[in-house]
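Q: Each residue of the sequence shown is one higher than the one before, starting from 22 at the first, in this note's numbering. Where is the CB? At the ideal position from N, CA and C, for every residue including glycine.
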Amino acid sequence: MAKIKSKFVCQECGYETVKWLGKCPSCSQWNRFVEEFESKESKKSQRGISKGKIEKINTIRPTKKERISTGIKEMDRVLGGGIIKSSLILVGGDPGIGKSTLLLQVADYASRQSLKVLYISGEESGEQIKIRADRLGIADGELYVLAETNIDVIREFVDKEEPDLLVLDSIQTIYSPDVASAPGSVSQVREVTSMVMRMTKVRNMATFIVGHVTKSGAIAGPKVLEHMVDTVLYFEGERHFSYRILRAVKNRFGSTNEIGIFEMRDRGLIEVENPSEVFLKGRPVDAYGTVVTAAMEGTRPVLIEIQALVTYSPAGFANRVTTGIDKNRAAMLIAVLEKKAGLSIQSSDTFINVTGGLQIKEPACDLAILCALASSFKEIPVDFKTILIGEVGLTGEIRGVNSIEKRLLEAQKMGFERALIAEANIEASKEIKDMDIIPVNNIRKAMEILF
Ligand code: TYD
Ligand code: MG
Numbered sequence: 022m023a024k025i026k027s028k029f030v031c032q033e034c035g036y037e038t039v040k041w042l043g044k045c046p047s048c049s050q051w052n053r054f055v056e057e058f059e060s061k062e063s064k065k066s067q068r069g070i071s072k073g074k075i076e077k078i079n080t081i082r083p084t085k086k087e088r089i090s091t092g093i094k095e096m097d098r099v100l101g102g103g104i105i106k107s108s109l110i111l112v113g114g115d116p117g118i119g120k121s122t123l124l125l126q127v128a129d130y131a132s133r134q135s136l137k138v139l140y141i142s143g144e145e146s147g148e149q150i151k152i153r154a155d156r157l158g159i160a161d162g163e164l165y166v167l168a169e170t171n172i173d174v175i176r177e178f179v180d181k182e183e184p185d186l187l188v189l190d191s192i193q194t195i196y197s198p199d200v201a202s203a204p205g206s207v208s209q210v211r212e213v214t215s216m217v218m219r220m221t222k223v224r225n226m227a228t229f230i231v232g233h234v235t236k237s238g239a240i241a242g243p244k245v246l247e248h249m250v251d252t253v254l255y256f257e258g259e260r261h262f263s264y265r266i267l268r269a270v271k272n273r274f275g276s277t278n279e280i281g282i283f284e285m286r287d288r289g290l291i292e293v294e295n296p297s298e299v300f301l302k303g304r305p306v307d308a309y310g311t312v313v314t315a316a317m318e319g320t321r322p323v324l325i326e327i328q329a330l331v332t333y334s335p336a337g338f339a340n341r342v343t344t345g346i347d348k349n350r351a352a353m354l355i356a357v358l359e360k361k362a363g364l365s366i367q368s369s370d371t372f373i374n375v376t377g378g379l380q381i382k383e384p385a386c387d388l389a390i391l392c393a394l395a396s397s398f399k400e401i402p403v404d405f406k407t408i409l410i411g412e413v414g415l416t417g418e419i420r421g422v423n424s425i426e427k428r429l430l431e432a433q434k435m436g437f438e439r440a441l442i443a444e445a446n447i448e449a450s451k452e453i454k455d456m457d458i459i460p461v462n463n464i465r466k467a468m469e470i471l472f
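Structure, rendered in structure tokens:
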């Protein structure tokens with residue numbers, strides 16, 4: 022009998038070695054290597070699906086891709102205007118974040134447009150899906166469910182039923198009997214995905230696959246298959262907040278900087294059409310330590326509230342806690358505040374929070390974070406109708422940001438009357454009328470105006 026070859030595969034990134042390793046040399050994660058077995062059969066199915074031909078690039082006529090609307094505007098936006106037929110879309114996210122709910126809603130909308138949808142779940146029984154569907158109030162369309170985990174069986178059903186849209190929930194529960202490794206391992210996930218990819222392209226249907234993001238490393242994360250699919254969407258959010266963000270991190274048919282915002286209610290996910298309103302809801306009046314800024318989420322400006330609390334540090338060393346912003350960025354802003362604005366804040370405990378569970382990565386929010394800290398330190402509130410937009414540099418200078426006009430218009434729409442922005446942005450914002458726009462070039466000047 023031929024010897025079965027084995028290898029050790031990092032379940033995080035798919036790196037392969039012949040020996041077990043504690044730390045992955047590729048992604049630096051610990052304890053992610055699992056022994057997997059190669060099988061001869063799996064090689065067979067990796068053969069090409071079509072005979073290629075050489076073409077001169079300028080003679081290729083691009084066919085217009087047909088897009089199917091999901092019926093959910095936020096989802097369509099993230100996909101670049103709808104689902105492309107024969108595309109494979111991965112929806113990744115933490116367990117329990119709402120991936121199954123989202124896709125069942127998409128499946129429902131698609132079936133209402135007389136598309137045939139097959140929803141295959143390896144996690145829930147038909148009955149469980151039905152309970153969820155009742156909760157979501159889904160229509161009586163061409164939506165079929167199947168509880169199955171064997172990819173060969175799934176393929177038979179797909180061949181027989183010929184759906185327009187296929188949902189596989191989740192990739193980590195589906196296995197190919199040709200691969201010796203356990204379901205959810207890198208070899209399985211890759212094999213199943215490549216089979217699904219072929220099915221999708223040959224049948225000209227669109228397929229969504231759900232992939233759980235895992236921290237334990239026992240099953241392969243969606244990272245290992247990101248390069249195989251056409252589009253990668255991540256569904257994010259804090260479990261304790263009801264807001265969810267759908268973000269495209271890869272899209273062969275559209276841009277990747279759009280996001281969709283949803284709220285999880287007891288009847289499923291609801292689109293949030295005016296995110297600024299949602300994120301500013303419940304903002305305290307006349308309280309110190311709260312500031313509003315305008316962040317760009319894709320091409321959309323979103324107003325967000327940043328809160329800070331600066332307190333005496335009894336421990337002898339300062340505690341720095343941030344939620345929603347990068348710790349290092351916060352540390353830098355605290356240092357700038359100490360050195361360049363003369364606030365002795367370094368030895369205090371500081372807590373910074375972006376409300377609504379959002380993650381902010383933009384430097385354009387620096388000025389707001391810095392002023393929220395200063396406001397809490399000085400115990401003086403920042404005017405309720407003032408918005409702060411600008412990047413802060415190490416010398417305390419305030420730098421211009423992109424899309425200033427869009428940000429200011431959004432602020433105006435939400436009732437803000439005054440804005441502090443970088444001098445460099447004044448030119449780009451001169452079209453904005455009826456708003457008191459004040460240029461500031463360093464943080465001292467901003468402090469003078471605000472406090
Ligand atoms: P689910 O879609 O099962 O998450 P995933 O597939 O990503 O693991 O969503 C699970 C959570 O969503 C669960 O904690 C209950 C909650 N939920 C609602 O709040 N409202 C609803 O209408 C539904 C269906 C779920
Ligand atoms: Mg699920």
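Is H233 a contact residue of the ligand TYD, with contact defined as CB to any heavy atom under 8 Å?
A: Here residue 233 refers to the residue found at position 212 of the sequence shown. H233: yes, Cβ under 8 Å from the ligand TYD.
Q: Determine the extent of the beta strand (DSSP E) in which L164 is found, giving its start and end residues.
A: What you label residue 164 is simply residue 143 of the sequence shown in a count that begins at 1. Segment 164-168, the beta strand (DSSP E) holding L164.
Q: Just checking, does the region 170-179 make contact with the region 204-219 on the three C-beta pairs under 8 Å criterion?
A: Output reads yes: the region 204-219 touches the region 170-179.
Q: Return yes when the Cβ of A445 is within less than 9 Å of the Cβ of R420, no when it is not.
A: Here residue 420 refers to the residue found at position 399 of the sequence shown. Here residue 445 refers to the residue found at position 424 of the sequence shown. Result yes, Cβ atoms of R420 and A445 sit closer than 9 Å.
Q: What number of angstroms, rounded off, separates the C-alpha of V11 from the C-alpha of Q50?
A: The requested residue 11 does not occur in the structure, where the chain is confined to residues 22 to 472.
Q: Expressed to the nearest angstrom, what Euclidean distance is found between the alpha-carbon atoms of N340 and G411?
A: As a first step, residue 340 is located in the sequence shown; it is residue number 319 there, counting from the start. As a first step, residue 411 is located in the sequence shown; it is residue number 390 there, counting from the start. Each residue's Cα considered, the two are about 26 Å apart.
Q: Could you tell me whether any non-hydrogen atom of the ligand MG is closer than 8 Å to the CB of K151?
A: Residue numbering aside, residue 151 sits at position 130 when the sequence shown is read from its first letter. No, since every heavy atom of the ligand MG falls outside the 8 Å radius drawn around the Cβ of K151.
Q: Quick check: A329 and N374, are their CB atoms within less than 9 Å of each other?
A: Sequence index remark: in the sequence shown, residue 329 carries index 308 (1-based). Sequence index remark: in the sequence shown, residue 374 carries index 353 (1-based). Yes, they are a contact pair.
Q: Let me know the secondary structure DSSP gives R133 once reduced to three states.
A: Within the sequence shown, numbered from 1, the residue matching residue 133 stands at position 112. Three-state result, R133: helix.
Q: Can you list the alpha helix (DSSP H) stretches of 4 or more residues lying completely in the region 267-326, in chain order?
A: As far as the region 267-326 is concerned, its whole alpha helix (DSSP H) runs of at least 4 residues are 296-301.
Q: Can you list, in chain order, the stretches of the beta strand (DSSP E) that have 3 or more residues and sit fully within the region 347-402?
A: Segments of the beta strand (DSSP E) lying fully in the region 347-402: 370-375.
Q: Please indicate yes or no: does the CB of D287 lie closer than 8 Å to some heavy atom of the ligand TYD?
A: For the purposes of this step, residue 287 is taken as the residue at position 266 of the sequence shown. The answer is yes for D287.
Q: DSSP state of F262, grouped into three classes?
A: Mapped onto the sequence shown, residue 262 falls at position 241. It is coil, neither helix nor strand.
Q: Can at least three beta-carbon pairs, one atom from the region 255-271 and one from the region 115-125, be found at a separation below 8 Å?
A: The answer is yes - the region 115-125 touches the region 255-271, with three or more Cβ pairs under 8 Å.
Q: Do S121 and the ligand TYD come close, with the Cβ less than 8 Å from some heavy atom?
A: The sequence position of residue 121 within the sequence shown is 100, counting from 1. Answer for S121: yes, Cβ within range of the ligand TYD.
Q: State the CB to CB distance for the pair A389 and V306, rounded to an integer number of angstroms; the pair is presumed to be in contact (CB under 8 Å).
A: As a working note, residue 389 is residue 368 in the sequence shown. As a working note, residue 306 is residue 285 in the sequence shown. Not really, about 18 Å apart at Cβ, beyond 8 Å.
Q: May I ask you to check if the CB of F262 is nearer than 8 Å to at least one heavy atom of the ligand TYD?
A: Here residue 262 corresponds to residue number 241 of the sequence shown, with the count starting at 1. For the ligand TYD, not one heavy atom lies less than 8 Å from the Cβ of F262.
Q: Please state whether DSSP places G35 in a helix, a strand or coil.
A: As a position in the sequence shown, residue 35 is number 14, starting the count at 1. Of the three classes helix, strand and coil, the one that applies to G35 here is coil, per DSSP.
Q: Helix, strand or coil: which one does DSSP assign to N171?
A: Looking up residue 171 in the sequence shown gives position 150. Three-state DSSP puts N171 in a strand.
Q: Quick one: is the Cβ of P116 within less than 8 Å of any heavy atom of the ligand MG?
A: Residue numbering aside, residue 116 sits at position 95 when the sequence shown is read from its first letter. Flag set: Cβ of P116 near the ligand MG.
Q: Quick one, which of M435, V413, L42 has its alpha-carbon nearest A467's?
A: Along the sequence shown, read from residue 1 onward, the residue named residue 467 stands at position 446. Of the listed residues, the one whose Cα sits closest to A467 is V413.
Q: Grab me the residues of I282's own chain with a C-beta within less than 7 Å of its C-beta, minus the 5 sequence neighbours each way, in chain order.
A: Mapped onto the sequence shown, residue 282 falls at position 261. Excluding sequence neighbours, I282 sits near E95, Y264, I266, V293, P296.
Q: Could you compute how far the alpha carbon of Q209 sits from the alpha carbon of R88?
A: In the sequence shown, the residue the question calls residue 209 occupies position 188. In the sequence shown, the residue the question calls residue 88 occupies position 67. Between Q209 and R88, the C-alpha separation is close to 30 Å.
Q: Given F398, which residues of its chain have a CB within under 6 Å of its CB, disregarding the five upstream and five downstream residues?
A: Working through the sequence shown from its first residue, we reach residue 398 at position 377. Closer than 6 Å at the Cβ level, and outside the excluded window around F398, lie V331, L364, I366.
Q: Could you check if D251 is buried or exposed, using at least 16 other CB atoms within 10 Å of its CB as the buried criterion?
A: The residue you call residue 251 lines up with position 230 of the sequence shown. The residue in question, D251, is buried, as its Cβ has 16 or more Cβ neighbours within 10 Å.
Q: Do E326 and R350 count as a contact pair if the criterion is CB distance below 9 Å?
A: In the sequence shown, residue 350 corresponds to position 329, counting from 1. In the sequence shown, residue 326 corresponds to position 305, counting from 1. No.
Q: Tell me whether the region 71-83 and the region 190-203 touch, counting them as touching only if at least three CB pairs, one residue from each stretch, are closer than 8 Å.
A: Counting Cβ pairs under 8 Å, fewer than three are found: no touch.
Q: Cβ-heavy atom distance between E144 and the ligand MG below 8 Å?
A: On the sequence shown, position 123 is the one that residue 144 refers to. Within the cutoff, so yes.
Q: In three-state terms, what does DSSP make of I513?
A: A question about residue 513 goes unanswered here, because the residues of the chain that appear run from 22 up to 472.
Q: Answer yes or no: the CB of D190 versus the heavy atoms of the ligand MG, is any distance below 8 Å?
A: Within the sequence shown, numbered from 1, the residue matching residue 190 stands at position 169. Yes.
Q: According to DSSP, what are the bridge partners of W51?
A: Mapped onto the sequence shown, residue 51 falls at position 30. W51 is bridged to K44.
Q: Assign K333 to one of two classes, buried (16 or more other C-beta atoms within 10 Å of its C-beta) or exposed (fewer than that).
A: Here the question's residue 333 lines up with position 312 in the sequence shown. Sequence check: residue 333 is Tyr here, not Lys. Its Cβ having fewer than 16 others within 10 Å, Y333 is exposed.
Q: L254 lies in the beta strand (DSSP E); which residues open and close that run?
A: Start at 1 with the first residue of the sequence shown, and residue 254 comes out as number 233. Counting along the chain, the beta strand (DSSP E) containing L254 begins and ends at 252-257.
Q: Rounded to the nearest angstrom, what separates S63 and P198 at their Cα positions?
A: Reading the sequence shown from its first residue, position 42 is the one you call residue 63. Reading the sequence shown from its first residue, position 177 is the one you call residue 198. With a pLDDT of 48 at S63, under the threshold of 50, the predicted position of this residue should be treated as unreliable, though the coordinate-derived value follows. Cα-Cα distance, rounded: 9 Å.
Q: Can you tell which of L139, N171, F472 has its C-alpha closest to the C-alpha of P184?
A: For the purposes of this step, residue 184 is taken as residue 163 along the sequence shown, with counting starting at 1. Taking only the C-alpha atoms, the option nearest P184 is L139.
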